[in-house]
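Under the working numbering, the first residue of the sequence shown is numbered -16, with each subsequent residue one higher.
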Amino acid sequence: MERKISEELLKWKIDDNKKPMLLYGISGCGKTYTILDFGKKEYKNTIYFDCNNNLELNYVFEKNSSLEKLIKALSAISLETIFKEESLIVFDNVNEKIFKLVKKLFINSSYDIVMITSNEKFLTGNKAGEISLKKMNLVTFPEYLKFIGKEQLIDFIEDSFRNNKPMPFHSLAIEVYNDYVITGGYPSTIINFHKENDYNILSSYHDKSILYIKDNLIESDNSEIKKGIEVFNSISFQLLKENKKFLYGLVKPGGRGKDYENIISYMEKNHLIIKSSRINAITSPLSKCREEDNFKLYYNDSGILYKKMNVNSNRLLTNEKLLETIYENNVVSVLSQNGFNVYNYHATGGKCEIDIVIQNRNGLIIPIEIYNKDMGSKSKSLGMTMTKYNLNFAIRLSNQNFSLKNKVKYIPYYAVFCIGDDMFI
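Structure, rendered in structure tokens:
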């Protein structure tokens, strides 16, 4: 499977001033496979170490304080010759001790080093120029289209997005997108499902994706693991409520915020879940308008939500409420992957409600409405909100084709990946 990050890896390789790389992302997103494939294609050899419970590797780092001695020791335990600039040295599941020593010993060396982690604690406390940070996400819709041989759709979608004109293969794109949100973005699930092409066994692959989440929870405080699983298991039915506000009492009878706020913070920081805080006004910066204890939680992957719904694909695709919920989860996860903090707006008195509000790095605030046929009075919320806050641009997501009407950009769900800081209004 071709991943977009491969382009960034090539740029890093040819950089004359490259630093050791830290590749981070949630467990199961394909970090290890992508790096090993990159090493196979671009280097003479790849020297791979898994740092998990690797006593021998830890001992080697403890006993060899100079770069030359360390390289000799690494070569000895790997039974591989390590070449400057021609070997790729990989430290998977890097621990704090090895991370610190790699930064210290390899910072100005001619050796190409990649460290891999799913724990974002390694992102803090690094000085500028010490390491090269690269983030890897789950499989995006464009990556999925390339994998299934329909990459031509990408250009059509992006062109229609830029020019607000109907996409000629709209029905096909919806059909493929529906398969994508059901399958989800975990690469192993996508690859295995398309080998079998059987929805009846898709559930077993989603179970493996959920195990990745639980494996990451193990790295949190031991007392919080059970709470994390409780939060995770509650998200699906919280999203299917009429009011999707996250309620602690639905996690566990008598549950309170102080019981779960630490694990929710950990899960959010490590991208296991996505938090959409409610804002009481749409003014810049949006972060100043949020209500701390009023939020929605989403899964990092729509495939996991599909699994948690306990429905088959036919029922999902014919039940608009279920389908709109899984669309919304995917929209939020894609916007989060694209670097946006996601908020939702609810006016005092409940007269106006906007599903999603984002703000780009240039300060542009974009309200995003997720359309459904049962919106009722909510259908006027977008226009009322734009007038109240003097907003000159908004997005409405639905299964309708592209268009632009009254400062509102109509976008099909399958094109949400186009929404970024460099988007065309």
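Think of the CB as a built atom: it goes at the ideal place given N, C-alpha and C, for glycine as much as any other residue.
Rounded straight-line distance, which links the Cα of residue 315 to that of residue 102: Within the sequence shown, numbered from 1, the residue matching residue 102 stands at position 119. Within the sequence shown, numbered from 1, the residue matching residue 315 stands at position 332. The straight-line gap from Cα to Cα measures roughly 21 angstroms.
Among 86, 282, 336 and 368, the one whose alpha carbon lies nearest that of residue 226: For this step, residue 226 is matched to residue 243 along the sequence shown. Cα-wise, what sits closest to residue 226 is 336.
Start-to-end residues for the beta strand (DSSP E) that takes in residue 6: Residue mapping note: residue 6 aligns to position 23 of the sequence shown, counting from 1. Its beta strand (DSSP E) spans residues 4 to 7.
Opposing strand residues paired with residue 377 [DSSP bridges]: By one-based count along the sequence shown, residue 377 stands at place 394. DSSP output for residue 377 lists 391 as bridge partner(s).
Beta-carbon proximity of residue 206 to residue 234, cut-off 7 angstroms: By 1-based counting over the sequence shown, the position of residue 206 is 223. By 1-based counting over the sequence shown, the position of residue 234 is 251. No, they are not a contact pair.
Pair within 7 angstroms by beta-carbon distance, residue 144 and residue 152: Numbered from 1 along the sequence shown, position 161 holds the residue referred to as residue 144. Numbered from 1 along the sequence shown, position 169 holds the residue referred to as residue 152. In this structure, residue 152 does not lie closer than 7 angstroms to residue 144 by Cβ.
Residue 177 classed as buried or exposed, judged by whether at least 16 other C-beta atoms fall within 10 angstroms: In the sequence shown, the residue the question calls residue 177 occupies position 194. So residue 177 ends up on the exposed side.
Range covered by the alpha helix (DSSP H) that runs through residue 145: The residue you call residue 145 lines up with position 162 of the sequence shown. Taken as a continuous stretch (DSSP letters only), the alpha helix (DSSP H) holding residue 145 covers 135 to 146.
Assumed close pair residue 173, residue 122 - CB separation to whole angstroms, cut-off 8 angstroms: Against the sequence shown, residue 173 aligns to sequence position 190. Against the sequence shown, residue 122 aligns to sequence position 139. At roughly 6 angstroms, the Cβ-Cβ gap stays under 8 angstroms, so residue 173 and residue 122 are in contact.
Bridge-paired residues (DSSP) for residue 98: If you number the sequence shown from 1, residue 98 lands on position 115. DSSP, once it has assigned bridges, lists 5 and 74 as partnering residue 98.
Candidates 201, 113 and 285: closest to residue 312 by CA position: Residue 312 sits at position 329 when you count from the first residue of the sequence shown. For the residues 201, 113 and 285, the minimum Cα distance to residue 312 belongs to 285.
Ordered list of alpha helix (DSSP H) runs contained in the stretch 285 to 359, each at least 4 residues: 285 to 292, 296 to 301 and 303 to 320
CB contact flag (residue 5, residue 116, <7 angstroms): Stepping through the sequence shown from its first residue, residue 5 is reached at position 22. Stepping through the sequence shown from its first residue, residue 116 is reached at position 133. Against a cut-off of 7 angstroms, the Cβ pair of residue 116 and residue 5 comes out as a contact.
Outcome for residue 368 when other beta-carbon atoms lying within 10 angstroms are tallied against a minimum of 16: Position 385 of the sequence shown, counted from the start, is the residue given in the question as residue 368. Buried.
Top-ranked residue by Cα proximity to residue 190, from 200, 210, 169 and 181: Translated into positions along the sequence shown, residue 190 becomes position 207. Here the closest residue by C-alpha is 169.
Residues near residue 47 in its chain [Cβ-Cβ closer than 6 angstroms; skip 5 each side]: The residue you call residue 47 lines up with position 64 of the sequence shown. Excluding residues within five positions, the ones whose Cβ falls inside 6 angstroms are 53 and 56.
Element boundaries [alpha helix (DSSP H), containing residue 68]: Sequence index remark: in the sequence shown, residue 68 carries index 85 (1-based). No alpha helix (DSSP H) holds residue 68; DSSP gives it neither H nor E.
Simplified DSSP assignment, three categories, for residue 86: Sequence index remark: in the sequence shown, residue 86 carries index 103 (1-based). Note: residue 86 maps to helix in three-state DSSP.
Whole-angstrom C-beta distance between residue 192 and residue 11, which should lie under 8 angstroms: Numbered from its first residue, the sequence shown carries residue 11 at position 28. Numbered from its first residue, the sequence shown carries residue 192 at position 209. With a Cβ gap of about 6 angstroms, residue 11 and residue 192 count as contacting.
Beta-carbon gap between residue 259 and residue 325 smaller than 7 angstroms: Sequence index remark: in the sequence shown, residue 259 carries index 276 (1-based). Sequence index remark: in the sequence shown, residue 325 carries index 342 (1-based). The answer is yes: Cβ separation under 7 angstroms.
Residue burial classification, residue 149 (beta-carbon count within 10 angstroms, cutoff 16): Counting from one through the sequence shown, the residue named residue 149 turns up at place 166. It counts as exposed.
Residue ranges of each alpha helix (DSSP H) within the stretch 169 to 257, 4 or longer: 170 to 179, 185 to 200, 208 to 222 and 240 to 252
C-beta contact flag for residue 50 and residue 92 at 7 angstroms: Position 67 of the sequence shown, counting from 1, holds the residue named residue 50. Position 109 of the sequence shown, counting from 1, holds the residue named residue 92. Against a cut-off of 7 angstroms, the Cβ pair of residue 92 and residue 50 comes out as a contact.
Nonlocal neighbours in the same chain, by C-beta distance under 7 angstroms from residue 82, ignoring five residues either side: Looking up residue 82 in the sequence shown gives position 99. For residue 82, where only same-chain residues beyond five positions count, the Cβ hits under 7 angstroms are 98 and 105.
Through-space distance from residue 147 to residue 389, alpha-carbon basis: As a working mapping, residue 389 is identified with position 406 in the sequence shown. As a working mapping, residue 147 is identified with position 164 in the sequence shown. A straight line joining the alpha-carbon of residue 389 with that of residue 147 spans about 13 angstroms.
DSSP state of residue 402 mapped onto helix, strand, coil: Walking along the sequence shown from the start, residue 402 turns up at place 419. Looking at residue 402 - three-state DSSP - the assignment turns out to be coil, as it is neither helix nor strand.
Where the beta strand (DSSP E) through residue 107 begins and ends: Within the sequence shown, the letter at position 124 stands for residue 107. No beta strand (DSSP E) contains residue 107, which DSSP labels as neither H nor E.
Supposed contact pair residue 404 and residue 355 - C-beta distance, whole angstroms, cut 8 angstroms: On the sequence shown, position 372 is the one that residue 355 refers to. On the sequence shown, position 421 is the one that residue 404 refers to. Residue 355 to residue 404, Cβ: 28 angstroms. No contact.
Residue -1 classed as buried or exposed, judged by whether at least 16 other C-beta atoms fall within 10 angstroms: By 1-based counting over the sequence shown, the position of residue -1 is 16. Under this definition residue -1 is an exposed residue.
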